[in-house]
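Asks:
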Amino acid sequence: MFLQQILNGITQGGTYALVALGYTLIFGVLEIINMAHGDLFMMGAMVGWALVTLLGWSLVPALIGGMVGAALLGVVLEFTALRPLRRKGGTNLSPLISTIGLGMVIQNLMVRATNGQPLSFRVPLSEGVIRLGPLQMTTAQLVVLGVSILLMALLQWTLSRTRLGRAVRAVSENPETAALLGVNVSGVILATVMLAAALGGAAGVLVGLSFVSVSATMGLPYGLKGLAVIILGGLGNVKGAVAGGLIIGVLEALTVAYGGAGYKDAVAFGFLFLMLLLRPQGLFGISAAAVRRS
Amino acid sequence: MLRIRGLEVAYGAVAAVRGVDLDVAAGEIVTLIGANGAGKSSILRAISGLVRPRAGTIEFEGKRIDGLRPDRVTALGVAQVPEGRAVLARMTVLENLLMGAYPRRDGEVQADLERVLARFPRLAERRNQLAGTLSGGEQQMLVMGRALMARPKLLLLDEPSMGLAPLVVAEVFRLIRQINEEGTTVLLVEQNARQALRIAHRAYVVETGRIPLSGAAADLAQDQRVAAAYLGGR
Ligand SMILES: Nc1ncnc2c1ncn2[C@@H]1O[C@H](COP(=O)(O)OP(=O)(O)OP(=O)(O)O)[C@@H](O)[C@H]1O
Ligand SMILES: [Mg+2]
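First to last, the sequence lines map onto chains A and B. Counting from 1, one number per residue, gives the positions in the first sequence under the working numbering. Counting from 1001, one number per residue, gives the positions in the second sequence under the working numbering.
Below, the structure is given as structure tokens:
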């Protein structure tokens, strides 16, 4: 029973981690929080829903479609809410507001398009249950967990092993040095925003799959949870986003199993609060003092 | 190779460079010497595209490069080692060197990497160490090795000897001369005027954004005014 809850929590936590990675990537290169991320997540789910329900696509192409849809919206985000403000050289607070604005526009349009009703998201998957000794998983859970792990591994590989990944890390350390080394900084920022959006979009499709439903307002709780995760894990830190996502997922699952579903968010955010008291920089973050020293 | 005419750089209301003419011929080492705040770095930053000049022209191999994005300038064969070393601290020595070859698409990057590592044995030993954990001298070697990875035609060096122990300084200057002898043109900004004049072919003195004095390095090293202001008397 306990192990089963851990497994459920890890599955749920995988989607939190995907959402959080989107925040962390953008924070890494721009040092801003993209408040529209929850809505990119929702749009990924909506595109996935449309492809499956209206066009009859199967899960994998629909998942890729949701990621592409969210990435394209990421382009819109970059050219409307991010780049114009960057050119003006304002504070890091202005993109906070502009991304909230764009997120609201997206959400309101979708509320109108769906009449504010949740849409049922039925993916043609076998309804089977897989048993591993005492543990069991539905096919959907297995897909969610498998895809989350695959995407995180792919991201890690991209960042650590590819030319684009090195460029992203160089820009996140020092855009000026990166530019002197021949990196097209604006191009790398655009690619990072698209990558972040695509991860959010994938998470949206996976969450839709788990809950058999999507809605125009599904982005808000996941957006907040993702924020909690990166603050727990340490801003701009990939390892932290993954660990934070899994911790919050597992905590929630255990709370639901042993305390009651009503306390789920209270426990997750309470734990976050406690952690921040003990380690203000997050689990994997570097303390402000260490940053000043370097 | 490099031809600058009437260059002006300003940061808001602060004029940092006020009408500079400067030439660098292929194969030369040219040095810019001058006091703190004279505008030396600003000249380099204008060449590499980090700041857009307020006025004037910069030509590299006959092509206007003023106002070009830094990555475009780099792609033309101009590498800058900025002031204060600027290693990518959270990346390994090897990754830093690979970043130097970022614009290159030819198949010889790996061979150049081996060559740079052979040239800097201390970097080779530390190839998987994070660059931020290197000593100051090692970091300077790393940024110079990284610049070489770009196979630049023109190398811009901004105070490479800053904050280094005398032995390491000598090594840095020896290295600059070597790089030049292998065919790379060098524009060197230095506070350490004595050493810079020793290895340079020609020199420009920069003072409050202007160039009051220029000429063969050997002549400037003998010049009374230069000696008084930049060589700490004799
Ligand atoms: N980003 C900036 N914003 C405002 N003023 C600047 C900026 N960078 C340089 N300046 C000013 O421009 C002038 C020239 O600076 P620059 O860095 O080019 O001098 P420098 O000769 O390289 O000096 P140093 O030897 O100390 O490095 C200085 O007065 C400096 O304060
Ligand atoms: Mg300077």
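Here a beta-carbon is modelled for each residue, glycine too, at the ideal position from N, C-alpha and C. Just so you know, these numbers come straight off a predicted model, no measurement behind them.
Given a threshold of 16 other Cβ atoms within 10 Å of its Cβ, counted over all protein chains shown, does Ala-91/A qualify as buried or as exposed?
Replies: The residue given as residue 91/A occupies position 91 in the first sequence. According to the sequence displayed, residue 91/A carries Thr and not Ala. When all chains shown are included, Thr-91/A counts as exposed.
Asks: Taking all protein chains shown into account, do 16 or more other C-beta atoms lie within 10 angstroms of the C-beta of Trp-49/A, making it buried, or fewer, making it exposed?
Replies: Taking the first residue of the first sequence as 1, we reach residue 49/A at position 49. So Trp-49/A counts as buried.
Asks: Which bits of chain C does Arg-87/A rub up against, with CB to CB less than 8 angstroms?
Replies: Among the protein chains in the structure shown, which are A and B, there is no chain C.
Asks: Please decide whether Arg-1090/B counts as near chain A, where near means a Cβ-Cβ distance under 8 angstroms.
Replies: Counted from its first residue, the second sequence places residue 1090/B at position 90. True, the Cβ-Cβ gap to chain A drops below 8 angstroms.
Asks: With 8 angstroms set as the bound, which would you pick, yes or no: does the beta-carbon of Gly-1100/B sit closer than that to a beta-carbon of chain A?
Replies: By 1-based counting over the second sequence, the position of residue 1100/B is 100. Yes, because at least one Cβ of chain A sits closer than 8 angstroms to the Cβ of Gly-1100/B.
Asks: Is it the case that the Cβ atoms of Glu-1083/B and Pro-1053/B are separated by a distance below 8 angstroms?
Replies: Taking the second sequence and counting its residues from 1, the one referred to as residue 1083/B is at position 83. Taking the second sequence and counting its residues from 1, the one referred to as residue 1053/B is at position 53. No.
Asks: Could you pull the start and end residues of the beta strand (DSSP E) that Val-144/A belongs to?
Replies: For this step, residue 144/A is matched to residue 144 along the first sequence. No beta strand (DSSP E) holds Val-144/A; the alpha helix (DSSP H) holding it covers 139-161.
Asks: Taking one C-beta from the segment 1066-1086 of chain B and one from the segment 1154-1163 of chain B each time, how about it: are there three or more such pairs within less than 8 angstroms?
Replies: At 8 angstroms Cβ cutoff, the stretches touch.
Asks: For Gly-1037/B, name the three-state secondary structure that DSSP assigns.
Replies: Reading the second sequence from its first residue, position 37 is the one you call residue 1037/B. The answer is coil: DSSP assigns Gly-1037/B none of H, G, I, E or B.
Asks: With Ile-1065/B as the anchor, note down where its alpha helix (DSSP H) starts and where it stops.
Replies: Numbered from its first residue, the second sequence carries residue 1065/B at position 65. Premise fails: Ile-1065/B is in no alpha helix (DSSP H) and is neither H nor E.
Asks: Closer than 7 angstroms by beta-carbon distance: list the chain B residues that pair up with Gly-282/A, in chain order.
Replies: For this step, residue 282/A is matched to residue 282 along the first sequence. Correct list: empty, because the minimum Cβ distance to chain B is about 16 angstroms.
Asks: Hey, out of Leu-7/A, Ile-26/A, Pro-61/A, Leu-54/A, whose CA is closest to Leu-202/A's CA?
Replies: Residue numbering aside, residue 202/A sits at position 202 when the first sequence is read from its first letter. In the sequence under discussion, the amino acid at residue 202/A is Ala, which differs from the Leu named in the question. If we check each option's Cα against that of Ala-202/A, Pro-61/A comes out closest.
Asks: Using the Cβ count rule (16 or more neighbours within 10 Å means buried), how would you classify Lys-88/A?
Replies: The residue you call residue 88/A lines up with position 88 of the first sequence. Flag for Lys-88/A reads exposed.
Asks: If you reduce the DSSP assignment to three classes, tell me which class Val-1093/B lands in.
Replies: For the purposes of this step, residue 1093/B is identified with residue 93 of the second sequence, where counting begins at 1. Looking at Val-1093/B - three-state DSSP - the assignment turns out to be helix.
Asks: At a Cβ cut of 8 angstroms, what residues of the segment 156-169 of chain A count as close to chain B, listed as they run along the chain?
Replies: Within the segment 156-169 of chain A, the qualifying residues are Arg-163, Arg-166, Ala-167, Arg-169.
Asks: Quick check: the Cα distance between Met-218/A and Phe-211/A, rounded to an integer number of angstroms?
Replies: Reading the first sequence from its first residue, position 218 is the one you call residue 218/A. Reading the first sequence from its first residue, position 211 is the one you call residue 211/A. Approximately 11 angstroms, taken between the alpha carbons.
Asks: Inspect the beta-carbon positions of Gly-204/A and Ala-1150/B and report whether they are closer than 8 angstroms.
Replies: Along the first sequence, one-based indexing puts residue 204/A at 204. Along the second sequence, one-based indexing puts residue 1150/B at 150. The answer is no: Cβ separation not under 8 angstroms.
Asks: Answer yes or no: the CB of Gly-1039/B versus the heavy atoms of ligand 1, is any distance below 7 angstroms?
Replies: Residue 1039/B sits at position 39 when you count from the first residue of the second sequence. Gly-1039/B: yes, Cβ under 7 angstroms from ligand 1.
Asks: Per the DSSP calculation, Ala-1055/B is bridged to which residue(s)?
Replies: Position 55 of the second sequence, counting from 1, holds the residue named residue 1055/B. For Ala-1055/B, which the question treats as bridged, DSSP gives the partners Glu-1008/B.
Asks: With the cut-off set at 8 angstroms, would you say Gly-245/A and Val-229/A are in Cβ contact?
Replies: As a working mapping, residue 245/A is identified with position 245 in the first sequence. As a working mapping, residue 229/A is identified with position 229 in the first sequence. Yes.
Asks: Going along chain B, which residues have a C-beta under 9 angstroms from Val-238/A?
Replies: Numbered from its first residue, the first sequence carries residue 238/A at position 238. Correct list: empty, because the minimum Cβ distance to chain B is about 12 angstroms.
Asks: Using the beta-carbon count (16 or more within 10 Å), is Ala-261/A buried or exposed?
Replies: Within the first sequence, numbered from 1, the residue matching residue 261/A stands at position 261. The residue is exposed, with fewer than 16 neighbouring Cβ atoms inside 10 Å.
Asks: With DSSP as the reference, label Ser-213/A as helix, strand or coil.
Replies: Counting from 1 along the first sequence, the entry for residue 213/A is found at position 213. Correct three-state label for Ser-213/A: strand.
Asks: Output, in sequence order along the chain, the residues in the segment 1072-1090 of chain B whose CB is closer than 7 angstroms to any CB in chain A.
Replies: Flagged, chain order: Thr-1074, Ala-1075, Gln-1080, Pro-1082, Ala-1086, Leu-1088, Ala-1089, Arg-1090.
Asks: Please state the DSSP three-state secondary structure of Ile-1211/B.
Replies: For the purposes of this step, residue 1211/B is taken as residue 211 along the second sequence, with counting starting at 1. Reduced to three states, the DSSP call for Ile-1211/B is strand.
Asks: Indicate the three-state DSSP secondary structure (helix, strand or coil) for Arg-1025/B in the structure shown.
Replies: Stepping through the second sequence from its first residue, residue 1025/B is reached at position 25. Note that residue 1025/B is Ala in the sequence shown here, rather than Arg. Looking at Ala-1025/B - three-state DSSP - the assignment turns out to be coil, as it is neither helix nor strand.
Asks: Taking only the alpha-carbon atoms, compute the straight-line gap between Leu-132/A and Phe-2/A and give it to the nearest angstrom.
Replies: Position 132 of the first sequence, counted from the start, is the residue given in the question as residue 132/A. Position 2 of the first sequence, counted from the start, is the residue given in the question as residue 2/A. Those two C-alpha atoms are separated by around 14 angstroms.
Asks: Buried or exposed for Ser-1048/B, going by 16 or more other Cβ atoms inside 10 Å?
Replies: Locating residue 1048/B in the second sequence gives position 48, where the first residue counts as 1. Label assigned to Ser-1048/B: buried.
Asks: Within its chain, find whatever has a CB closer than 6 angstroms to the CB of Val-111/A; leave out the 5 residues flanking it on each side and keep chain order.
Replies: Residue mapping note: residue 111/A aligns to position 111 of the first sequence, counting from 1. Within the same chain, Val-111/A has close Cβ partners Ala-216.
Asks: Give every residue of the same chain whose Cβ lies closer than 6 angstroms to the Cβ of Arg-1127/B, excluding the five residues on either side of it in the sequence, and list them in chain order.
Replies: For the purposes of this step, residue 1127/B is identified with residue 127 of the second sequence, where counting begins at 1. Excluding positions up to five away in sequence, the list reads Val-1093, Leu-1094.
Asks: Any heavy atom of ligand 2 closer than 7 angstroms to the beta-carbon of Glu-1159/B?
Replies: Here the question's residue 1159/B lines up with position 159 in the second sequence. Yes - ligand 2 has a heavy atom lying nearer than 7 angstroms to the Cβ of Glu-1159/B.
Asks: Could you give the C-beta distance for Leu-93/A and Thr-1074/B, rounded to a whole number, given that I count them as a contact under 8 angstroms?
Replies: Here residue 93/A refers to the residue found at position 93 when the first sequence is read from its first residue. Here residue 1074/B refers to the residue found at position 74 when the second sequence is read from its first residue. Going by Cβ atoms, the distance from Leu-93/A to Thr-1074/B rounds to 33 angstroms, so no, they are not a contact pair.
Asks: Give every residue of the same chain whose Cβ lies closer than 7 angstroms to the Cβ of Leu-220/A, excluding the five residues on either side of it in the sequence, and list them in chain order.
Replies: Translated into positions along the first sequence, residue 220/A becomes position 220. Same-chain partners within the cutoff: Gly-38.
Asks: Against chain B, does Thr-192/A count as a neighbour if the rule is that its beta carbon must be under 8 angstroms from one of theirs?
Replies: Here residue 192/A corresponds to residue number 192 of the first sequence, with the count starting at 1. Thr-192/A does not count as touching chain B.
Asks: Arg-1003/B bridges to which residues according to DSSP?
Replies: Within the second sequence, the letter at position 3 stands for residue 1003/B. Per DSSP, Asp-1023/B, Glu-1059/B.
Asks: Contact between the segment 1026-1045 of chain B and the segment 1182-1192 of chain B is defined here as three or more beta-carbon pairs at a separation below 8 angstroms; is this criterion met?
Replies: The segment 1026-1045 of chain B vs the segment 1182-1192 of chain B: in contact.
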